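Undergrad: Structure provided below as structure tokens; questions to follow.
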Amino acid sequence: MSFLSKTNQPRSWGRYPKVTPAEVQSVFWRSELPNIADFEQPVLPYAYGRSYGDSCLNEGGVSLDVSHLRRFISFDEDEGLLCCEAGVSLAEILELIVPRGWFIPVSPGTRFVSVGGAIANDVHGKNHHKAGTFGCHVTRFELLRSNGERLICSPHENTNLFQATIGGLGLTGVILWAEFRLKPIVNPFIDMERIQFSSLDEFLQISAETDQQYEYTMSWVDILIGGQNLCRGIFMCGNNDQSRSLASKKTGRKLPLTVPFDLPSFVLNSLTVKSFNELFYHSQLSKRVHKVVPYEPFFYPLDSIHEWNRLYGKRGFLQYQFVVPFQDGFGAMREIIGRIRRSGEGSFLTVLKTFGTIRSPGMLSFPRPGITLALDFAYGGQKTLQLLDELDKVVRQSGGAVYPAKDARMSAENFQAFFPRWQEFAQYVDPHFSSSFWRRVSHAQKLVMV
Amino acid sequence: MRILIVGATSAIAHETAKRFAKDGAEFFLVARSPEKLEDTGNDLKVRGAKRIETFLLDVTDFDRHQEMIETAISTLDGLDMVLISHGTLGDQQKCQVSVSETLKEFTTNCTSVISLLTILAGYFEQQKRGCITVVSSVAGDRGRQSNYVYGAAKGALSVFLQGLRNRLSKAGVAVVTVKPGLIDTPMTASVKKGLLAASAQGVGEGIYRAMKNRKEVVYLPWYWRPIMLIVRSIPEPVFKRLSL
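As structure tokens, then:
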């Protein structure tokens, strides 16, 4: 338990760009909501700043801190239906539900996101091929609009706003609370396998073989090595363990480590990245390793190092996640990996996964069937931005998309090509809401009310 | 565990209650706003509280103190612990030019608590067990120009609690004085936070432990104890020149 209070100056996880809102306003109670129309600048909800780029930032606008809306509302333990305020974090939910035999239906790579953020970014996890996105499990939520209306949105009520808000990047109003379905578990452990692979082909083959059998799959990959094979890596797949004997066993908590200050920029360089990747790849001696592990390290390996984003130093970093369709995906991946190698930018912690066919209700939802790769790049100024622009081009040509939750730089033109329903979505954007991201990709450059 | 909480919707009280809820406690929650009380009660229920009872009260309504406490005792069939955590961070500038503002601050932060404690002390003394915990403040340790009205109210409260602890120790009843420093809560939303500001969650955890362990005086976070020791030891001729 930390005594340290978080500062409420909004930052995104990548700490690029560094922009400031004109004002930060906190919301403490659902019974004491601000009148949004009274703000002179456009508003954007903010909680824990786990979006990587600028989709959670509102330069010159009002950042509405909803992290104090942190109360549970109801929990139907027979049906597995949980209702809570939008600022409750998934970490807090897990702490409550896991000992009672439930799990969150979809879990992103960190548990320190708010429920509101999970909906607004329509987050996905290791079980996308089996369960779709977080939004697929939301039964309803309440949305505060700037005209003072408080609307219940569900697949049956205010359907359009429901679909626009899921993946809607906080632009359709403030989500006050949400109700969603949980998944029953027998114990808090994951029965998992780690399989080494030494080419993209092999990855796809393992992926095809394991998708049916395993609920959760993802791979850590090293794309800087392997030549024509494009990459090597470790494929991790698992299922919730079914053994009753483990049900009451504690998963045991390690004290979280913290990166206490910004490391100098040179710490993460191509040499350290290569050494890290080398160590990780060889951390297992045999091709296949089978074990039963607590859910925390399986789902949230990085959560055990608080503020790991500081490893990138003051300059910050950009995460780049894209998806390319299975068809032609191989060619696009080859092209992208080639360009990254030539650029000489190292990518620490690269994650590869396949998305399944389950469709989200969200209009602006990112996942679609195909191969997705997430890479981190230390922000190195123009050359980093240029590389990512080049990658955008390849993604676009292959009919893929780039993930807004992690983006800080994609062009309006590319965004509009990646998300063909964006104009339909734009109709549901609340006129008093905006974000740095949205102004960039929708070309509504000026900070004026519609 | 049957717990009466006055000022139950304050961030500190709620954070403390969350920890007790996890242990399956039964609560009698008292606050002014029905909506906030409901939100708080529902949250504690989901977190494991065995029972939630609520009571609407403006603490400056002294005539209803007796009734509230009797209802709490009869509804929960007795009380094991009390946490009093209501308070307002008044406007020092306004108080300086208004006697009524100053008295209002005293009523909310000091005399209303003393009234509640006077009634509760009798009950606990007779019962010969239990724990009374009151949220005071580091501001009560020494008067400073920036908030001496609030500080004086909390200081009086701290002295009252000292005496009460002395009296009730004979009956085996613990009296815990909690002295938090600056905490990030709705009450301090307008105050600029420095490095020392703490999260309500950490402070709630600290109060929970202090109540469980029947402590006497706890500073939360702990670093306020040495800080206030230094602040208290500065000689008055020097202190009066500082802008604190």
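So the protein sequences, as listed, match chains A and B.
Going letter by letter, the first sequence gives residues 857 to 1306 in my numbering.
Going letter by letter, the second sequence gives residues 10 to 253 in my numbering.
Ideal placement from N, C-alpha and C gives every residue a C-beta, glycine not left out.
On a predicted model such as this, the values are computed, not experimentally measured, just so you know.
Under three-state DSSP, which class holds Ser94 of chain B?
TA: DSSP places Ser94 of chain B in coil when its eight states are reduced to three.
Undergrad: Run the CB neighbour count on Ala22 of chain B, radius 10 Å, all protein chains shown included, and call it buried at 16 or more, exposed below.
TA: Result: buried.
Undergrad: Along chain A, which residues have their Cβ under 9 Å away from the Cβ of Ser242 of chain B?
TA: Near Ser242 of chain B there are no residues of chain A at all, since even the closest Cβ is about 24 Å away, more than 9 Å.
Undergrad: Does the beta carbon of Ala198 of chain B sit closer than 7 Å to a beta carbon anywhere in chain A?
TA: It does: the Cβ of Ala198 of chain B has a partner Cβ on chain A nearer than 7 Å.
Undergrad: Could you tell me which residues DSSP pairs with Phe64 of chain B in its beta bridges?
TA: Paired residue(s): B:Val39.
Undergrad: Which residue comes first and which comes last in the alpha helix (DSSP H) that contains Asn1016 of chain A?
TA: Unbroken alpha helix (DSSP H) run through Asn1016 of chain A: 1015-1021.
Undergrad: Considering just the uninterrupted stretch of the alpha helix (DSSP H) at Ile123 of chain B, what are its terminal residues?
TA: Looking at the DSSP string, the run of the alpha helix (DSSP H) that includes Ile123 of chain B is 121-136.
Undergrad: Say whether chain B places a C-beta atom closer than 7 Å to the C-beta of Met857 of chain A.
TA: Per-residue confidence for Met857 of chain A stands at a pLDDT of 39, beneath the threshold of 50, marking its modelled position as unreliable; the derived number appears in the next sentence. Met857 of chain A counts as touching chain B.
Undergrad: Taking only beta carbons into account, state which residues of the segment 942-966 of chain A come closer than 7 Å to chain B, listed in chain order.
TA: Cβ contacts with chain B come from Leu952.
Undergrad: If you follow the alpha helix (DSSP H) that Asn175 of chain B is in, where does it begin and where does it stop?
TA: Here the alpha helix (DSSP H) through Asn175 of chain B covers 157-177.
Undergrad: Kindly indicate the opening and closing residues of the alpha helix (DSSP H) around Gly905 of chain A.
TA: Taken as a continuous stretch (DSSP letters only), Gly905 of chain A belongs to no alpha helix (DSSP H), as it is neither H nor E.
Undergrad: Find the residues of chain A that neighbour Val187 of chain B, judging by a C-beta separation of less than 8 Å, and give them in chain order.
TA: Going along chain A, no residue has its Cβ under 8 Å from Val187 of chain B, so there is no contact; the nearest lies around 14 Å.
Undergrad: Quick one: residues in its chain with C-beta nearer than 7 Å to the C-beta of Phe1053 of chain A, no 5 flanking neighbours on either side, listed in chain order?
TA: Cβ neighbours of Phe1053 of chain A beyond the five flanking positions: Phe1059, Ile1062, Arg1088, Gly1089, Phe1091.
Undergrad: Can you name, in chain order, every residue of its own chain whose Cβ lies under 6 Å from the Cβ of Ser19 of chain B, other than the five neighbours on each side?
TA: For Ser19 of chain B, where only same-chain residues beyond five positions count, the Cβ hits under 6 Å are Ser94.
Undergrad: In whole angstroms, what is the alpha-carbon distance linking Ile949 of chain A and Asp70 of chain B?
TA: Between Ile949 of chain A and Asp70 of chain B, the C-alpha separation is close to 38 Å.
Undergrad: Between the segment 899-914 of chain A and the segment 866-877 of chain A, do three or more beta carbon pairs fall short of 8 Å?
TA: They touch, by the three-pair rule.
Undergrad: Report yes or no: do three or more beta-carbon pairs, one from the segment 1019-1027 of chain A and one from the segment 964-980 of chain A, lie closer than 8 Å?
TA: As far as the Cβ criterion goes, the segment 1019-1027 of chain A touches the segment 964-980 of chain A, which means the pair count is three or higher.
Undergrad: Taking the continuous beta strand (DSSP E) assigned at Asp1078 of chain A, which residues delimit it?
TA: Start and end: 1072-1078.
Undergrad: According to DSSP, is Glu879 of chain A helix, strand or coil?
TA: It is a strand residue.
Undergrad: Closer than 8 Å, Cβ to any Cβ of chain B: which residues of the segment 984-1015 of chain A, in chain order?
TA: Listed by position, the residues of the segment 984-1015 of chain A near chain B (Cβ gap below 8 Å) amount to none.
Undergrad: Val55 of chain B versus chain A: which residues are under 9 Å apart at the beta carbon?
TA: Neighbours of Val55 of chain B on chain A, chain order: Arg927, Phe928, Ile929, Ser930, Phe931, Leu938, Cys939, Cys940, Leu952.
Undergrad: Does Asn51 of chain B get closer than 7 Å to chain A when you measure Cβ to Cβ?
TA: Asn51 of chain B counts as touching chain A.
Undergrad: Going by CA-CA distance only, name the one from B:Leu229, B:Ile243, B:Arg218 that's closest to Asp32 of chain B.
TA: Selected option, being the one with the closest Cα: B:Arg218.
Undergrad: With Pro898 of chain A as the anchor, note down where its beta strand (DSSP E) starts and where it stops.
TA: No beta strand (DSSP E) contains Pro898 of chain A, which DSSP labels as neither H nor E.
Undergrad: Residue range of the alpha helix (DSSP H) that Tyr1176 of chain A falls in?
TA: Segment 1173-1180 is the beta strand (DSSP E) holding Tyr1176 of chain A; no alpha helix (DSSP H) there.
Undergrad: Any chance you could list the beta strand (DSSP E) runs of at least 3 consecutive residues sitting entirely within the segment 205-233 of chain B, in chain order?
TA: Fully enclosed beta strand (DSSP E) runs of 3 or longer: 226-229.
Undergrad: For Glu941 of chain A, which residues does DSSP report across the bridge?
TA: Partner(s): A:Trp1033.
Undergrad: Would Asp48 of chain B pass as an interface residue toward chain A - the criterion being a Cβ-Cβ separation below 7 Å?
TA: At least one chain A Cβ lies under 7 Å of Asp48 of chain B.
Undergrad: How is the beta strand (DSSP E) around Ile1090 of chain A delimited, first residue to last?
TA: Looking at the DSSP string, the run of the beta strand (DSSP E) that includes Ile1090 of chain A is 1088-1096.
Undergrad: Would you please verify whether the beta carbon of Glu35 of chain B is less than 7 Å from any beta carbon of chain A?
TA: Judged by the 7 Å Cβ criterion, Glu35 of chain B is not in contact with chain A.
Undergrad: Whose C-alpha, out of B:Ala81, B:Asn118, B:Lys249, B:Arg174, is nearest the C-alpha of Glu134 of chain B?
TA: The shortest Cα separation from Glu134 of chain B among B:Ala81, B:Asn118, B:Lys249, B:Arg174 belongs to B:Arg174.
Undergrad: Quick check on the DSSP output: the alpha helix (DSSP H) that includes Phe248 of chain B runs from which residue to which?
TA: Looking at the DSSP string, the run of the alpha helix (DSSP H) that includes Phe248 of chain B is 245-248.
Undergrad: Name the chain B residues that come within less than 8 Å of Arg867 of chain A, Cβ to Cβ?
TA: Going along chain B, no residue has its Cβ under 8 Å from Arg867 of chain A, so there is no contact; the nearest lies around 16 Å.
Undergrad: Identify which residue in A:Gln1019, A:Val1251, A:Asn1003 has its Cα closest to the Cα of Ala893 of chain A.
TA: When only C-alpha atoms are compared, the closest one is A:Asn1003.
Undergrad: So within the segment 1144-1172 of chain A, which uninterrupted beta strand (DSSP E) runs reach at least 3 residues, ignoring any that extend past its ends?
TA: Complete beta strand (DSSP E) runs here, min 3: 1144-1150.
Undergrad: Assuming Phe1045 of chain A contacts Leu1102 of chain A under a Cβ cut-off of 8 Å, what Cβ separation, rounded to an integer in Å, is found between them?
TA: About 5 Å; that satisfies the 8 Å criterion.
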